[in-house]
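**Student:** Pasting in a structure now, in structure tokens, and then I'll have a few things to ask.
There are 2 protein chains.
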Amino acid sequence: MSQVSKQMIKNLSIDCVVFGFENNKLELLLIKRKSNPSKDSWALPGGFVLKTETLDEAAVRILEENSNVKNIYLEQVHTFSRIDRFPLRRVISVAYFALIDPENHFLKPGVDTTDVKWFQVNEKIEFPFDHAEIFQRALKRLRQRVRTKPIGFELLPEKFSLTQLQNLYECILDENMDKRNFRKRILSYNMLIPLDEYQEGVAHRAARLYKFDSKEYQNFIDKGFNFQL
Amino acid sequence: MSQVSKQMIKNLSIDCVVFGFENNKLELLLIKRKSNPSKDSWALPGGFVLKTETLDEAAVRILEENSNVKNIYLEQVHTFSRIDRFPLRRVISVAYFALIDPENHFLKPGVDTTDVKWFQVNEKIEFPFDHAEIFQRALKRLRQRVRTKPIGFELLPEKFSLTQLQNLYECILDENMDKRNFRKRILSYNMLIPLDEYQEGVAHRAARLYKFDSKEYQNFIDKGFNFQL
DNA sequence: TCAAAAGTGTTTGCAATACACCCATGC
DNA sequence: GCATGGGTGTATTGCAAACACTTTTGA
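For the protein sequence lines, the chains are D and E, in the order given. Under my numbering, the first residue of the first sequence carries the number 4, and numbering increases by one thereafter. Under my numbering, the first residue of the second sequence carries the number 4, and numbering increases by one thereafter.
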């Protein structure tokens with residue numbers, strides 16, 4: 004521990020806003036803090052940057068240490084610097100955001116964590132510190148992202164129905180979309196590969212499943228597009 | 004100086020990417036460094052954050068101290084953290100960007116600065132440290148900004164012609180636009196107030212001058228729009 | 001009268017929207 | 001056979017794009 008703290012940059016931390024999608028709801032990954040300040044409250048996974056790593060590297064490490072979530076892409080959002088944002092001393096925090104499929108990640112509390120859990124984004128969450136602000140900022144980024152880059156690959160299971168994808172968009176943007184127009188648009192990108200597989204065990208006509216064409220998907224990540232409603 | 008350095012957060016700095024528009028060219032404000040490292044090279048105005056200020060406050064202070072440019076709006080862009088980005092020790096730097104009208108700001112070198120000057124963005128600039136990367140990131144942000152929010156108020160004189168405004172857009176995006184379509188589009192926002200004033204002393208038909216309707220301008224800043232070509 | 005930039009409208013095509021009914025499945 | 005969600009096509013509208021000539025002014 005003394006060795007670890009020697010390497011830490013004590014005034015610089017990372018907070019991770021990790022979004023998931025499950026049961027047709029947008030979710031957020033939170034950890035329960037083992038120690039003070041704000042012991043026992045549910046907070047964004049976070050920690051201090053080490054002298055030997057970049058911020059991107061720190062974000063990946065910290066998320067894994069807190070929650071066991073690994074091998075994901077984290078993107079820097081904003082750096083928060085309110086003077087009293089952390090009660091013990093001046094700490095500036097760099098926020099990262101990520102999208103993952105909850106099904107694919109086994110959660111395990113880390114060293115300074117007593118629990119890790121998914122929360123629905125639309126339930127009221129009492130955040131400690133300035134985490135409410137950080138979360139809002141990340142959500143805003145997500146909403147902007149969904150309009151300009153394809154999304155879903157990271158949030159959905161490998162095989163999914165168009166309705167699932169539409170639900171994801173509707174959850175993120177918090178608005179309803181026309182089914183026919185949505186399908187027309189999303190299929191026109193040629194980013195989805197229709198499979199010869201269908202939903203099973205549902206009490207209605209089974210939906211066709213699709214997967215992403217990762218080449219085309221990547222292509223649109225690079226080029227961007229303009230997805231309206 | 005010892006008092007000042009006591010207050011400094013020595014591992015956290017700000018770098019400012021300040022854009023201007025003059026003679027139909029997009030410009031960048033650089034300072035000439037008085038001391039090592041990279042003494043005498045032209046660099047982004049920067050400095051260290053104080054313990055008593057937020058990042059936004061630091062950016063404003065640092066830009067003024069470096070260049071005398073004041074009373075402007077600076078927006079956070081990204082935080083840079085390459086481990087060897089600063090040669091003397093580990094320093095993380097938060098980049099800010101701003102848009103100003105060069106005519107409205109009298110430049111004056113600051114304490115650690117021997118000179119301040121506008122450079123054209125399309126000339127090759129040899130940046131020290133990771134300033135090339137920071138600059139590129141800010142330019143990208145500017146290009147994205149120009150598509151989604153009105154721009155120009157901060158970069159142009161109070162009264163300007165539509166051609167000037169179009170030139171600004173063309174410089175930022177580095178592409179040519181159709182004059183009629185540009186005018187149609189920009190006027191349709193009802194963001195410009197036509198004046199009963201015209202260019203003077205030009206060897207051709209004098210262009211009508213306009214100014215921004217600051218209420219509508221602000222409205223579009225808040226709502227955003229989608230400006231294509 | 002010439003050069004140089006200002007100013008102005010119309011047509012065309014594509015893409016966004018709105019909209020309603022039949023289909024397959026499990027119970 | 002009914003409830004549940006899956007799946008499909010067309011007509012309309014509005015916006016983006018392409019495009020060329022006349023006007024004004026100073027030199």
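Beta carbons: idealized from backbone N, C-alpha and C, even for Gly.
Using the DSSP secondary-structure output, state which residues sit across from E/Q79 in a beta bridge.
**Tutor:** Answer by DSSP bridge pairing, in chain order: E/Y99.
**Student:** Is there a Cβ from chain D that is less than 7 angstroms from the Cβ of E/R93?
**Tutor:** So yes, E/R93 belongs to the interface.
**Student:** Along the chain, where does the beta strand (DSSP E) containing E/E30 start, and where does it finish?
**Tutor:** Its beta strand (DSSP E) spans residues 28-36.
**Student:** May I ask you to list, following chain order, the residues of the stretch 56-68 of chain E that have a beta carbon less than 7 angstroms from some beta carbon of chain D?
**Tutor:** If the cut-off is 7 angstroms between Cβ atoms, the stretch 56-68 of chain E has T57, L58 near chain D.
**Student:** Below 7 angstroms CB to CB, which residues in the same chain sit around D/Q221 once its five sequence neighbours on both sides are set aside?
**Tutor:** Result list for D/Q221: empty, nothing under 7 angstroms.
**Student:** Nearest-angstrom Cα distance between D/P197 and D/L176?
**Tutor:** Rounded to the nearest angstrom, the two C-alpha atoms are 25 angstroms apart.
**Student:** Just the chain E side, please: which residues come within less than 9 angstroms of D/L190 by C-beta, in chain order?
**Tutor:** Residues of chain E passing the Cβ test: none, with the nearest at roughly 23 angstroms.
**Student:** So D/F109 and D/N71 are supposed to be a Cβ contact under 8 angstroms. How far apart are they, rounded?
**Tutor:** So it is a contact: roughly 6 angstroms between Cβ atoms.
**Student:** So which residues of chain D does E/N14 contact, with C-beta pairs closer than 8 angstroms?
**Tutor:** Residues of chain D passing the Cβ test: I12, N14, L15.
**Student:** Our contact map puts D/L190 next to D/E200 with C-beta atoms below 8 angstroms; I'd like the distance itself, whole angstroms only.
**Tutor:** Not a contact, Cβ separation roughly 17 angstroms.
**Student:** Kindly indicate which residue of E/S38, E/G23, E/R188 has the alpha-carbon position closest to the one of E/G155.
**Tutor:** That would be E/G23, whose Cα lies nearest to the Cα of E/G155.
**Student:** In or out: D/E161 buried (at least 16 other Cβ within 10 Å) or exposed?
**Tutor:** Exposed, by the Cβ-count rule.
**Student:** Buried or exposed, going by whether 16 or more other CB atoms sit within 10 Å of the CB of E/G49?
**Tutor:** Looking at its Cβ environment, which holds 16 or more other Cβ atoms inside 10 Å, E/G49 is buried.
**Student:** Round the Cβ separation of E/V94 and E/R88 to the nearest angstrom and send it over; I've been treating them as touching at under 8 angstroms.
**Tutor:** Indeed, because the Cβ distance is near 7 angstroms, the residues count as touching under 8 angstroms.
**Student:** On the DSSP bridge list, what partners appear for E/D118?
**Tutor:** DSSP, once it has assigned bridges, lists E/K35 as partnering E/D118.
**Student:** Would you grab the beta carbon distance between D/K35 and D/W45 for me? Rounded to a whole angstrom, and I think it's under 8 angstroms.
**Tutor:** The Cβ separation is near 6 angstroms, so the contact holds.
**Student:** In angstroms, rounded to a whole number, what distance separates the CA positions of D/E25 and D/Q202?
**Tutor:** One C-alpha to the other measures close to 16 angstroms.
**Student:** Does any residue of chain E bring its CB to less than 7 angstroms from the CB of D/K2?
**Tutor:** Examination of residue 2 of chain D is not possible in this model, given that chain D is present from 4 through 232 alone.
**Student:** Would you mind sorting E/Q10 into buried or exposed? The rule is 16 or more other CB atoms within 10 Å of its CB.
**Tutor:** Per the 10 Å Cβ criterion, exposed.
**Student:** Let me check one thing: in DSSP terms, what residues is D/F163 bridge-paired to?
**Tutor:** D/Y213, per the DSSP bridge assignment.
**Student:** Could you tell me whether any Cβ in chain E is nearer than 7 angstroms to the Cβ of D/S84?
**Tutor:** By this cut-off, D/S84 is an interface position.
**Student:** Our contact map puts D/L158 next to D/L145 with C-beta atoms below 8 angstroms; I'd like the distance itself, whole angstroms only.
**Tutor:** Contact flag wrong, Cβ pair sits at about 10 angstroms.
**Student:** Check whether the Cβ atoms of E/D18 and E/S96 lie closer than 7 angstroms to each other.
**Tutor:** The answer is yes: Cβ separation under 7 angstroms.
**Student:** Would you kindly report the start and end of the unbroken beta strand (DSSP E) that includes E/K13?
**Tutor:** E/K13 -> beta strand (DSSP E) spans 11-25.
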